[in-house]
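Visitor:
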Amino acid sequence: MDQRAQGTPRVVLGVSGGIAAYKACELLRRLTESGYETRVVPTESALHFVGAATFSALSGRPVATDVWESVHEVPHVRIGQGADLVVVAPATADILAKAAHGLADDLLTNTLLTARCPVIFAPAMHTEMWEHPATQENVATLRRRGALVIEPAVGRLTGADTGKGRFPEPEAVFEVCRGVLARGELAERTDLSGRHVVISAGGTREPLDPVRFLGNRSSGKQGYALARTAVARGARVTLVAANSELPAPAGVDVVPVGTAVQLREAVIKAAEDADAVVMAAAVADFRPAVYAPGKIKKRNDAEPEPVALVRNPDILAELSTDRPRAGQIVVGFAAETEDVLANGRAKLARKRCDLLVVNEVGERKTFGAEESEAVVLGADGSETHVPYGPKEALSDTVWDLIGLRFP
Ligand code: CTP
-9 MDQRAQGTPR VVLGVSGGIA AYKACELLRR LTESGYETRV VPTESALHFV GAATFSALSG
51 RPVATDVWES VHEVPHVRIG QGADLVVVAP ATADILAKAA HGLADDLLTN TLLTARCPVI
111 FAPAMHTEMW EHPATQENVA TLRRRGALVI EPAVGRLTGA DTGKGRFPEP EAVFEVCRGV
171 LARGELAERT DLSGRHVVIS AGGTREPLDP VRFLGNRSSG KQGYALARTA VARGARVTLV
231 AANSELPAPA GVDVVPVGTA VQLREAVIKA AEDADAVVMA AAVADFRPAV YAPGKIKKRN
291 DAEPEPVALV RNPDILAELS TDRPRAGQIV VGFAAETEDV LANGRAKLAR KRCDLLVVNE
351 VGERKTFGAE ESEAVVLGAD GSETHVPYGP KEALSDTVWD LIGLRFP
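Be aware that the sequence shown starts at -9, since it is given in our numbering, and climbs by one per residue.
1. What is the DSSP secondary structure of residue 211, counted as helix, strand or coil?
2. What are the residues that DSSP puts in a beta bridge with residue 326?
3. With a threshold of 6 Å on Cβ separation, who are the neighbours of residue 79 within its own chain once the five nearest residues in sequence on each side are excluded?
4. What are the start and end residues of each continuous alpha helix (DSSP H) run of 4 or more residues lying completely inside the segment 97 to 185, in chain order?
5. Does the separation of the CB atoms of residue 53 and residue 31 fall below 9 Å?
6. Quick one, which of 103, 141 and 38 has its alpha-carbon nearest residue 121's?
7. State buried or exposed for residue 49, treating a residue as buried only when at least 16 other CB atoms are found within 10 Å of its CB.
8. Where do the N-terminal and C-terminal ends of the beta strand (DSSP E) with residue 197 fall, by residue?
9. Once the 5 residues before and after residue 21 are set aside, which same chain residues still bring their CB inside 6 Å of it?
10. How far does the beta strand (DSSP E) with residue 398 in it extend, from its first residue to its last?
11. Evaluate residue 60 with the Cβ neighbour count: other Cβ atoms within 10 Å of its Cβ, from every protein chain shown; 16 or more gives buried, anything less gives exposed.
12. Is the closest heavy atom of the ligand CTP to the C-beta of residue 391 under 8 Å?
13. Residue 245 to residue 233, Cα distance in whole Å?
14. With the cut-off set at 9 Å, would you say residue 210 and residue 271 are in Cβ contact?
15. Cβ of residue 381 within 9 Å of Cβ of residue 350?
16. Could you spell out the range, first to last residue, of the alpha helix (DSSP H) harbouring residue 39?
17. With a CB to CB cut of under 7 Å and the five nearest residues on each side skipped, what residues in its chain are close to residue 379?
18. The ligand CTP heavy atoms versus the CB of residue 75: any closer than 8 Å?
19. Based on the DSSP output, what are the partners of residue 190 in its beta bridges?
20. Using a 10 Å radius around the Cβ and a threshold of 16 neighbouring Cβ atoms, would you call residue 239 buried or exposed?
21. Could you compute how far the alpha carbon of residue 215 sits from the alpha carbon of residue 62?
22. Check whether the Cβ atoms of residue 187 and residue 226 lie closer than 9 Å to each other.
23. So which of 191, 321, 33 and 43 has the shortest CA-CA distance to residue 94?
24. I'd like the list of long-range same chain contacts for residue 305, defined as Cβ closer than 7 Å, with 5 residues on each side in sequence excluded.
25. If I measure Cβ to Cβ from residue 324 and keep anything under 6 Å in the same chain, skipping five residues before and after, which residues do I get?
26. What did DSSP end up calling residue 367 once you bin it into helix, strand or coil?
27. For residue 58, is the classification buried or exposed, using 16 other Cβ atoms within 10 angstroms of its Cβ as the cut-off for buried?
28. Which of the three DSSP states, helix, strand or coil, is assigned to residue 46?
29. Might you give, ordered along the chain, the residues of its own chain that have their beta carbon closer than 8 Å to the beta carbon of residue 101, omitting 5 neighbours on each side?
30. Note down the Cα distance separating residue 297 from residue 340, rounded to an integer number of angstroms.
31. Just the Cα atoms here: how many angstroms apart are residue 290 and residue 205?
32. May I ask you to report which of helix, strand or coil DSSP gives residue 31?
33. Give, in chain order, every unbroken run of the alpha helix (DSSP H) that is at least 4 residues long and sits entirely within the segment 287 to 340.
34. Return the Cβ separation of residue 117 and residue 155 in integer angstroms, given the expectation that the two are a contact with Cβ distance under 8 Å.
35. Excluding the five sequence neighbours on either side, which residues of its own chain have a C-beta within less than 8 Å of the C-beta of residue 196, listed in chain order?
36. Within 8 Å: the Cβ of residue 337 and any heavy atom of the ligand CTP?
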């Protein structure tokens, strides 16, 4: 039974027991300040880190952890049924395991089983726990079922160690929640079930000799975020990854490539039956004209030879011009350092793609960053500003805009 109400969105904030539980307070404050009716459902272990009084004061609502409180109100069923969004932040390895396996031994796990709304998990744990195959399989299961599991951030963990597993900034988690709630009625029209999408990611490397190459600083993070969010919307995803060291996202078919020419071949092949192609890779425009089969040696008696370059194919322009399927949507990315919008518009027209995601690059912006800010320009003249936030939020906007353009 769907008891979700029209009007003020009802958010359930599940908090599980990790040190990052204190950051859930900041997230809760953002949710309530934005006018969402927020109810906190902590696990019993979360209350070792933050007291129920804090959650209750910040949410203005009573806080319960177990199914035996206020039994006459059947809270273990009602809370989930009435929610427009459930966000579990932080999500420990334990709650991910319970959710993946359908366990229901407290109020939060019961709520997860009865919710029919979008569910977001923001995991936080030590790197070893995050990387353990058990956790990774649980995450894959949850994503396959449609939950949005935010990738943990990399950085300082509890104690002296650093690595992947850090709780993302509460503001970033809030932006993902806001994005999912905003999709509301859009969700059905922009769902990607049954669609095949092709994404290129990373940066190409153009070899000069067996040990040297011309490359760029693209990390691949944006392309990987696009892949994860597309999987979360039910798409079949082919990710053509150029020199990225990121772990393969669950449920994604990864095709590793090195050079622009290899990337072109892989993307064109995968695009044959694709509904959308998103070119997030940084493709080298030029490659060395000659590849030296042996290492180029320094000669003390002569100046170095200049490196002659030749043009690489412009894959985005080629895809946009010769579309193998009617109605296929082609999206490009552009990194600009100046006159961002004007250069973006000119590039969109030149490349003839449907959408162009324009990032401003500069120090600490875009390359290798966990977060970004962009403007998505449409060939129809549209302009969608995406505020500074996680790459998942930008990815979701891109999929929304693509979904709305499907014939
Ligand atoms: N791209 C491509 N093939 C290339 C170069 C770029 O498909 N040989 C794609 C990128 O994947 C990206 C978009 O084109 O989606 C924009 O890339 P960018 O390097 O900004 O465009 P350029 O045409 O190289 O423009 P300029 O260097 O003049 O800024």
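Cβ coordinates follow ideal geometry from the N, Cα and C atoms, glycine included. Keep in mind it's a predicted model, so treat the numbers as computed, not measured.
Guide: By the coordinates alone:
1. Residue 211 falls in the helix class under three-state DSSP.
2. Answer is 350, bridged to residue 326.
3. Counting only Cβ-Cβ distances below 6 Å, and skipping sequence neighbours, we find 14, 17, 112 and 163.
4. Within the segment 97 to 185, complete alpha helix (DSSP H) segments of at least 4 residues are found at 97 to 104, 117 to 121, 123 to 134, 160 to 173 and 176 to 179, given in chain order.
5. In contact: residue 53 and residue 31 (Cβ atoms closer than 9 Å).
6. A check of alpha carbon separations from residue 121 across 103, 141 and 38 identifies 141 as the nearest.
7. Buried, since its Cβ has 16 or more Cβ neighbours within 10 Å.
8. Element bounds for residue 197: 196 to 199.
9. In its chain, beyond the 5 residues on either side, 1 and 28 have a beta carbon closer than 6 Å to the beta carbon of residue 21.
10. In the structure as shown, the chain starts at -9 and stops at 397, and residue 398 therefore has no counterpart that could be examined.
11. Counting Cβ neighbours within 10 Å, residue 60 comes out exposed, since fewer than 16 surround it.
12. No, Cβ of residue 391 sits at least 8 Å from all heavy atoms of the ligand CTP.
13. Residue 245 and residue 233: Cα-Cα distance of roughly 11 Å.
14. The beta carbons of residue 210 and residue 271 sit closer together than 9 Å.
15. No, Cβ-Cβ distance for residue 381 and residue 350 is not below 9 Å.
16. Looking at the DSSP string, residue 39 is not in any alpha helix (DSSP H), and its letter there is neither H nor E.
17. Within the same chain, 162, 165 and 361 come within 7 Å of residue 379 by CB-CB distance, once the 5 residues on both sides are set aside.
18. Relative to the non-hydrogen atoms of the ligand CTP, the Cβ of residue 75 never comes closer than 8 Å to any of them.
19. DSSP links residue 190 through a beta bridge to 230 and 269.
20. The residue in question, residue 239, is buried, as its Cβ has 16 or more Cβ neighbours within 10 Å.
21. Between residue 215 and residue 62, the C-alpha separation is close to 43 Å.
22. Closer than 9 Å, so yes.
23. Of the residues 191, 321, 33 and 43, the one whose Cα lies closest to the Cα of residue 94 is 33.
24. Here residue 305 has 253, 254, 257, 269 and 273 as same chain residues with Cβ atoms under 7 Å from its own Cβ, once five neighbours each way along the sequence are excluded.
25. Cβ within range, chain order: 334, 337, 346 and 348.
26. If DSSP states are grouped into helix, strand and coil, residue 367 belongs with the strands.
27. Exposed is the call here.
28. In the three-state reduction of the DSSP assignment, residue 46 falls in the helix class.
29. Counting only Cβ-Cβ distances below 8 Å, and skipping sequence neighbours, we find 2, 4, 31, 66, 69, 70, 73 and 76.
30. Put simply, the backbone Cα of residue 297 is about 28 Å away from that of residue 340.
31. Looking at the two C-alpha atoms, the distance is approximately 27 Å.
32. Strand, per DSSP.
33. Runs of the alpha helix (DSSP H) spanning 4 or more residues and lying entirely within the segment 287 to 340 occur at 305 to 311, in chain order.
34. That belief holds up - the Cβ atoms of residue 117 and residue 155 are roughly 5 Å apart, short of 8 Å.
35. Counting only Cβ-Cβ distances below 8 Å, and skipping sequence neighbours, we find 203, 204, 205, 249, 250, 274, 276, 277, 278 and 302.
36. Yes, the ligand CTP has a heavy atom inside 8 Å of this Cβ.
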